[in-house]
Structure formats: structure tokens, C-alpha cells
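Residue numbers (the numbering used here), protein chains in the order written: chain A, 41 to 383; chain B, 95 to 689; chain C, 3 to 363.
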């Protein structure tokens, strides 16, 4: 999953302290970000967190109140979109309703003054790639949602921009289609090696696709890092919650060598990294296991208060002796299915 | 540092409306400001408020203002009611059917407003079309008094303005996604509910524009109440003209105009605040936020209202059950019936002019007597008539082109809501629409004289553009009401510059609106009389001037002949354009299938 | 001239149609405004007047002097145009035809007219009541009562008959204009025309006029405001009895319809020539006005439309059958009187306000 070679590649996109407000409302607080060539970076966050503002500043659709945008080492802060060598896939696709699928995809090439024969070849190739070869002469309104999405994508990749920006491109699709499109996007990313900045509010999508995730909240990037790190080592309550169910425990330092005690879990130990003296820690629900009695691993007694079956896994509500409720998820298999409410 | 591009910032929005504002400031506000400032002078040119005071407290002004406002309000409501089903019907037609229906809508347009009004005179007269028919069928003993009533005046006004309403609403309808009907149906909405809760709200920008346009236009109307009304239908423009011509008291004319314009402006502003009807389509987000609870209440009220309408009109929309295979859904539903009645009504008075144009009588009267082609002969053998026609066409085309060039960018900026100068533009638009033409034309004469524009065709074009630009702005704002501006953003990211995006993306999508605007502007010029009278040189006559002159001594059948020639001419042009584009299309398709 | 105009617009049309509109705007002909020295532009009353004037005056003048006379459309009441022309110095036309003496009087009071040349023999033959320093009548139009003979079994002879709605049932039309209608009301009430200013000297007189108007008001079917409507009104029987100008009624009679003019109680206004003050072609215009005072030429004009010649000598050249229908025929003139525009000028505004209110209430 990790691709360390990114660290050696050159920086493709660099944002330095860009910020933007509307009517004294901070849509985006001063934000800096570096994206390397070929990297797949996701801006993840709830709606209103500033991710679309950030994207539109990168795209040149909007201009920051201050700060700098560099693309390929060149100051592009106030450069119009069309001169930035970027591609944008819009949430609602923004397909041109009066142009055929073919013409929609040919549009950026025509804007670049490419010869007609060359356009024909390129567009046909892209139509093949996105599986739309048979519907080239239809109008966008005659296509299904998934097909429209692929047109939008094809229109964007056909001119091979060095950065592709995607604004919730799968938001309007059903789950099945979304899964297969995710695969498609990943495949194309690998195949084309393009730098992609992707916006979504869906953490699963972000975890699946990205090399790096920038979690945004209230107009700022609150944490960024590889999906795995984001998931298991959130730096804030917000980050912990955003990626899924989080069991939060307060801990207290009990010794100067760094040993901490977690009262609810009745454990003490040394954390793997330096942490503050007192604070909170998180345990993902699938990191608990059930056992009949004490064994060599740290354990705590508890009573199962609820059980929900989710197919692949089951989710339990467990009440600890301290009265704290904990959520536990286990794979649904024959061993675990013996646990029931009341145990 | 890179320059920020056009079409994205507020500054750029203001830049787009700047030419229009500048144009109207120089050629409308400067003249009309001078003219209206007369209101504050007495006969010895000393400063005074007496005229304004006299106008404010004059019972005549009060009564005629009330009459004008009530007639304008009723006319605006009727215009919109009649126009909506026609526009709806038209929006679903294409090709030759569309062209034919469009001709019917536009027929009244090609006839001078004077002749159009005279046509209603024929219809409503004591021995006119209706009374004549009723009497000969033995249905009524005594002729029915229809002329010189409020109904006649309103009929005349609505008939004159309804085509504009149709085109305005149609412009807003063209961008509604046709898939929405299927979407609503799948969500369980009956056709009636789909219409009232989904379709109608989406076309509201067109309805609002049509309503305000019709209302404001009716305010300055003069011909219809003069010819079709009794003294009780006297409207404000007539009072102002009386002051100018008969009483030679321009100071008073200016004072009355000021009092009335302020009153009209107040009403429009209040309507905007209370009902959210705005010429510029949707209210800005800021305004919406500020209104908060009131806004929410309005929304709830309007939703309930629309639900009620949906229930009431349900039976007329049918069940929405799928049509039998291979057959389109029943063609003659309620919309079609209303639309066809409306279309026939629009075209009818003009059609009565055709028999009158071959009358042997010296009078434009119903029923026509005998048969003679001498009125056509009078038209075709007169180089003055032919010259006037050609000149009016040229001036109309130039005026329409200039108006489009000025108006479309302004409308774009306005409907994207990125213009801080919006109130200024809307104020200018309203002023130009509501002010009696004669007052503005007279005012222009003074300013144009100092600019050396009087007696030139350039001056004529400029003067008529002042009247035509507002039509373009209003129609285009309505057409942009449902336009998806993200398309322009998308085109920008795909490498298209602002201008190219405009030509390749925006223009094709709003083409019906653009065509409507062009037609508005052309016709506004084509039948404009006051500016032509004052600004054009005496030697270069225009069609309205000729018609006016012809009607001056005696309303002769030549007017019917001219009108018939125009109707036939326009019909031929529209149909042949349609025919040739279709043939061209067929040819290319054939070529493609072979190749 | 017509030929020249034609070529001009053809050329522009081709350019406009051929390419962008900018070409037409740039075309020199498009912004041309100057008027040539060898022509005279006249703001005349249009339609049938232009036709009659062209035959009687314009063409002969061109034949004699080589100066082309170009008729130009003007508004019904040209007062506003004269004022605008003089105040801006932009002379759209060099002189104005068929302007009422009352309107000319207002213009003189506003110092907007050029003095005229009264020296020629033909002008001298025109009665003094029909000319002054700034106005020379070309013709006389009478405001008379016209009615359809097929609508009434008895002859109508006076305005009193118009008020007799029982004796003469039928559709009535009135002019929506304070001065004429108030005069008519007083005439119907038995006031001789000449005494109207005296009666209207005090409020009682005005009240009397409006009381008389109250009496007929419910029986008025049409209030017309543009005289051009009245021939059609009489022709189509929108009205059976209607005061109007004699020339308008005459056009219906000439078309063969059963309409008759009641000269009794009529009042006439002189219509004629004025030159806007400062007109660069004032001298040429004066020459033209003198030319038009010629009795024989006036006779030609009166043969075309039913107006009375200002030069009494014209009757020598007019067919007697035609003369009978003209207002300045002595027999007709004797039954009428002049409109006292000097009395009406100052009271016109007040009369209009009162009349408007009366109409609207």
C-alpha cells in the first residue's frame, strides 16, 4: 500500500499559507500542503470543512485572499484554470448537455488546437479505456449516472493533465457502482501515473484510494498522513471519530519512565511513542478480542449489552466494570458466534 | 503576478455590466435627467417645488395613477397566465411545428402597435367582428358595447405584451432537465404535483421576469387606452403627453413623470421585498440568509399553495399512467388546449386585417366592402413605403445586434450574482421600460443635438437601443435562470478561455433566449415611433413614421395591407429558414451514413 | 428625390445583410445628416394632407425654383417639436405646415417663431384675422357637428339637437378636449359663440358649462381624442352624431356615406405656416409661404381635401359643387365664428384640469 518512492519524487503542487474568507467567515484558514508527482492525496472532511474551497483554489476556479499556489515549481496563485495543466472532475460532472459524449471528451483537445485526426484517435482510445466506445454519439442526458461519470473522467484524462482534481466524483453513484469505479480510478492512477487530489467525505473511500489523506475540519487541515496512520493513530478526538467507531479512554501517567495507567481497562504499560502526561487514547473496536477468562494478554471483564450482526462482522456493546461502554467488532465466524447478550 | 481572469470575480462581474451602465447613463439618464429637472423650475426658470407639489396633490394625477397601476397589474397577471401554457406547449415542440407555432406567437409583433390596436377596434366595434357575427346569427338584438371599456383596454395591452411574456418564459423553460419528469414520477408524484412542485418552481425566474416586464411595460402605455378606452381608462402617459403637447407645460409634465415613476419604483421594490419577485431571478444568498424566518415562512406558504394547486388541477393533468406502447401520451391535454386557445387569440386580430386589406372602401372597417388590390398597389408602388420598410429592417437589425452585445454580458453577470452594481442596472432597466417614450425621445433630442446625432441613423440606432437593451437584459436573465454555471468553470479547467467558453458552451445552451432577445430588440426598434420621430432625419423615414403619417388624417386600409405584407413576409422567412436548415441537416446525415 | 432615397437604403441594406453590422455603422451614408441647400424640409400633417400639398404646392414650387420640397412626418401637435428644434438649433425641418393659429399663438408667446413676410399681394388678400407677424393661414378648418342621416328621421340643425337624446336617439361621440367640448356645451345651452368668453369670466359660467355636460354625459358612447379616429367612427357607425373637423367629416361624405355637416354653431381655426425661430433657411421658407398664398394653388389643395382656402380669391377656381362643402364659403362662414384662442390660451390649463377631473369622476 505504501509507496515510499514518492518521498524521492519532486514536489508537483505546493500550497503555502493559502486562505480565503467569505463575508468574514473563514472558509479556509491558512493552509500549506505539498503533493509529489504521482501521489494520490485525498482531502477528507465533513461538508463545510473547506475541502472544496481548497480544491477550487488549486484548480484556479477561485483565488485565495493570500498565500501562494505553486504548480510544477511555478507560481500559479492567480493563473486561470486553463493555464494550470490541471483536470477537474466535478461532483455533478458538468458535462456539456448540448455536446455528444465524443464532443465532450474532444473538447479539451479542440481547445488546445489539436488536429482533427489526432483528436479522433485520442478520443476513441479514451472511450475504449472508460468503456464507452458504443455511446460516443449520444448526448449526456441519454446516459446512466455511471456512464456520465466515466465521460467526466474521460474528458479529464484525455489531455493528460499533470494533476487531476476530483470533487466527490462518486458521490452521486450507488454503492456497487462506487466500488467498481473506485477500482477503475485506482487502475487509471496506476496506469497513467498522474498526480491526483481527491475530495470526499467518505472515509472508506479515502482509506481505499489514497497514498495520503489530509483530514480537514473547520477550514483547516487537522491531520495528514498515510491511511493506516490516520486510522490507528488519530491526533484528535475529531480524527478518531471521523474514521469510524472509536473507543476513547482516559489515561494517566503513573511513573516518570512513561508508564501510564488506563483505569477503565485496568492496564498499565508504556506507550509506543511519546505522549502527554495525561490524556486520552483510542482503541478501534476490532482490536478487542473476547476470552472466557484471564489469559496472558491484558484483559478486563465485561458484560455484553447488545449485539448487531453486520454480515462480515458483528458489533457488540460491552459494559466494563467502571461503567464505561465499549464497542467491540469481531469477524462473524463460528468461534465468535457463541457470544451473546448477557455474557 | 498572474492576472486574475475575467468571469470569476466580483470586479469582473461589474466589468461586464459597465458598458450597459455607461451606455444608459449617457444616452438615457443624461437626457432624462435634464428633462425631469424641469420639474423643479417654474416658467421663469426659477427653482421651485410647486410643480411637484401640484402633481402630488392633483386629483387627475392621483386618479390616473391608480387607474394605470390597476390596469398594469391586471394586464401583467393576464399576460403571464396566458403566456405560460403557450410557452409550456412550445417548449415541447421542435422543428416545423415549433416554427409554425412561433409564427403565431409573433404575428402580433410584426404589426405596428397602432395597427394592432385598430385591429381590436375592428373586432370589438358596434358592427365589428363579434357584434356583426352575433347579430347575423340572430343571437343578439342589440350590439354589445365592448369598445371604450376597461376590458377592451386590457385586452389590447395584454395582446400587445403577451408575446414578450411567452418568449421570456420559454427562455427559462429551455434549461429544465427533461429527466425530472421521470424522476418525479418514480418518486411517486402525480403529473399535477410534478408540475406544481418541481417544474413550475424551476421556471419561476421566467414567470417573475414576465410578470415584472409586463407590469412595467403597461405603465407607459398610451395607444391602447387612447383608442380603446373611455376617459375612465385614462392612463398616466396620456396625462403627461397632454401636458407636453396641448398645454405646453413641460415643467408640469416632468413633475408628473417624477411622481409617477417614484410611485412605480416603490411598488416594484416592495414587490421584490415581499414576494421575492426579482427581475434578476433568484435573490442573492445573502438576502436569503438575512430574511431567515420570514423566508422560511414564505417557503412553507408557497409550498402549501403549490400543493393546493396540484390537488385542484389534478384532474386536468391526468393520472400519468404510461401511454400504450408506440403511441405518445395524449396530445390534447389541458396545456395543449389552453395553449392553442391562447395562440389563436394572439393571431386572430391580425388575421382579420387580411380581408380588410383587400376592401374597396376608403376606411379600415368591418365588414370589408367589395374587393380591391389598390391598397397593396399603394404600398408596392410607393418608393417611400418601400424605403421606409427597408430602413426599418436595417435599423432594427443593427439595433438588435448592439442591444445583444450590450445586454447579454450584463445579464450574465447579473444572473451569476457577482455584481455589486445590480440595483443600478435594475433601476435603469425599469426606468427605460416604464417611462413614456415621448418624454424620453424629447429628452434625447436635446442631448443628441449637442452630440451631433440628430438626423443620423446612428442616433436612431442609439436611441432605439436605449429602449431595446432592457428587453434583452430581462429576457436573458430569465434564460440564465436555470443555467448551470459550473459548465463554464469546467470549460475553464479544460482549457477554454472566457470568450471561447461563451461561444461554444454558453451561447448554444441559451440559444432560444438569445434568439428571443434578438427578436425583442428588433421588434422594439421596428415599431418604435417616438425616437424615430424626433431623432431620425426628416428625410429618412421609417415604417412606424409612415404608418403614423398614414393614420394621421384617416385610418386607411393601406395599414392593413402593410401589415399583411409583413405577416406574409415574416412567415415566409421563418418557414424557409426552417426548411433549409432541415434540408441541410438531412443532407449531412445522408453524407455521414454513406461515409 | 425618392430615387435618391431608394438607392441610399439599398446600398446600406446590402452592406448590413452582407457582413457584420459594424460595416453599416461605419458606412458614411449611415451617419449622414446634413441637408442640401437646394431643398426645403416641411413638417406637414402627413397622409392625405401630404398628397394634397404635394400636388398644390410642393411640386409647383420645385418646378418654378428648382428647390425640392420634402415633406417630413411630424407629430399631431408640433409645438413640442418646434420648441425642441429652436432650443437645440437642430432644424429637422425648415418650416411647419398646418399648424393651428392657437398653437402658433402659444409658440409666439414663447418666442419660438421667425417673423414672416406679409408684403406679397397674395398674402395681402388673406383676411387679417387669418394672419399675423408670425403666422399665415393656408386654410381654415371648422369644428362642426357631423351626423349620419340614416340614423335620424329628422334633420339635425344645432348642438341643442345633440343634447335632445329623446328626440334624436343614437350613439353620440364627443371630443376629449376641454376647450372645444366646453364651448359646445355652452352653445347647446343657448350661449352665442361670441359671448362664451364673457360667460366664462366667472365661476357661474364654468358651472353652467359643466352642468350642461353632466346632462349629456350618460349618453356619450365615445370620447375620441385623435381626430383621425372620427372618419372611421362615423363610417362604421360607432357614432351617429359627433362633433369633428369638417375635413374629417368630408372624407366620409366623399366616400359616399350618408353623413351631413351642421355648420350652425361651428367654430373655425386657421391653420397655416410658421417658421421656427433661427431657421437657416428662413428666407427660402418665407418665399415658399408667399408662393402658397396664391389663390389658384390653394384651390387645387381644397379640391383634394375638404378645407377652406385662406385666400378668398381661391373660390374663383373651385368647382361650385365643391365650394358648398368648404367652411370658408361665405354662406357657411356666416353660420360660424372664429375660435377665440386669445381667450382660451391663459385658461386652457385650468380648463384641462377641471375637465379631466370631471371626465374621470
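From the three backbone atoms N, C-alpha and C, an ideal C-beta is built for every residue, glycine too. Small disclaimer: the values here were computed from a predicted structure and weren't measured.
query, result
"Proximal residues, the segment 147-162 of chain A versus chain B, C-beta separation under 7 angstroms", "147, 148, 151, 152"
"Host beta strand (DSSP E) of residue 145 of chain B (start-end)", "Residue 145 of chain B -> not in any beta strand (DSSP E); alpha helix (DSSP H) instead, spanning 144-151."
"Within-8 angstroms CB hit, residue 44 of chain A to chain B", "No answer about residue 44 of chain A holds up, because its pLDDT of 48 lies below 50 and its placement is not dependable."
"Residue 263 of chain B vs residue 310 of chain B beta-carbon contact at 8 angstroms", "no"
"Buried or exposed by the 16-neighbour rule on C-beta atoms within 10 Å, applied to residue 155 of chain C", "exposed"
"Contact with chain D by residue 154 of chain B, beta-carbon distance below 8 angstroms", "Reference to chain D is not applicable here, since the protein chains of this structure are A, B and C."
"Residues of its chain near residue 179 of chain A, where Cβ-Cβ distance is below 8 angstroms and the 5 sequence neighbours each way are ignored", "137, 138, 139, 140, 141"
"Positions along the segment 576-590 of chain B whose CB lies within less than 8 angstroms of some CB in chain A", "578, 580, 581, 583, 584, 585, 586, 587, 588, 589, 590"
"Whether residue 223 of chain B touches residue 469 of chain B by CB criterion (8 angstroms)", "no"
"Stretch pair the segment 264-277 of chain B + the segment 129-149 of chain B: three plus CB contacts closer than 8 angstroms", "no"
"Same chain, Cβ closer than 6 angstroms to residue 130 of chain A, neighbours up to 5 away in sequence not counted", "207"
"Test item: CB-CB of residue 230 of chain C and residue 645 of chain B under 8 angstroms", "yes"
"Proximal residues of chain B, C-beta to C-beta of residue 122 of chain A below 8 angstroms", "586, 587, 588, 589, 590, 591"
"Beta-carbon proximity of residue 190 of chain B to residue 672 of chain B, cut-off 8 angstroms", "yes"
"CA nearest to the CA of residue 110 of chain A, picked from A:271, A:58, A:128", "A:58"
"For residue 310 of chain C, the three-state DSSP class (helix, strand or coil)", "strand"
"Test item: CB-CB of residue 589 of chain B and residue 152 of chain A under 8 angstroms", "yes"
"Residue 292 of chain B to residue 116 of chain B span [Cα, whole Å]", "39 angstroms"
"Those residues which DSSP pairs with residue 371 of chain A across a bridge", "A:353"
"Contact the segment 159-167 of chain B vs the segment 599-608 of chain B: 3+ CB pairs below 8 angstroms", "no"
"Chain-ordered residues of the segment 533-564 of chain B with a beta carbon less than 7 angstroms from chain C", "536, 539, 540, 543, 548, 549, 550, 551, 552"
"N-terminal and C-terminal residue of the beta strand (DSSP E) that residue 100 of chain C is part of", "97-102"
"Short CB-CB distance (under 8 angstroms) between residue 645 of chain B and chain C", "yes"
"Whole-angstrom distance between residue 442 of chain B and residue 255 of chain B, CA atom to CA atom", "15 angstroms"
"Beta-bridge pairing of residue 254 of chain A - partner residues as DSSP gives them", "A:83, A:264"
"Own chain partners of residue 358 of chain B with C-beta closer than 6 angstroms, once the 5 adjacent residues on each side are dropped", "313, 528"
"With 16 other Cβ atoms within 10 Å as the buried cut-off, status of residue 172 of chain A", "buried"
"Positions along the segment 181-199 of chain B whose CB lies within less than 8 angstroms of some CB in chain C", "none"
"CB contact check: residue 458 of chain B to chain C, cutoff 8 angstroms", "yes"
"Residue 611 of chain B versus residue 260 of chain B - alpha carbon distance", "12 angstroms"
"Nearest to residue 243 of chain B (by Cα), restricted to the options B:581, B:155, B:444, B:215", "B:215"
"Cross-chain neighbours of residue 242 of chain B in chain C, by beta carbon under 8 angstroms", "223, 224, 225"
"Environment of residue 349 of chain A [buried if 16+ CB atoms lie within 10 Å]", "exposed"
"Closer than 8 angstroms to chain B by CB, residue 233 of chain C", "yes"
"Beta-carbon neighbours of residue 219 of chain B, restricted to chain C and to distances below 7 angstroms", "238, 240"
"Spatial distance of residue 629 of chain B from residue 51 of chain C (CA atoms)", "23 angstroms"
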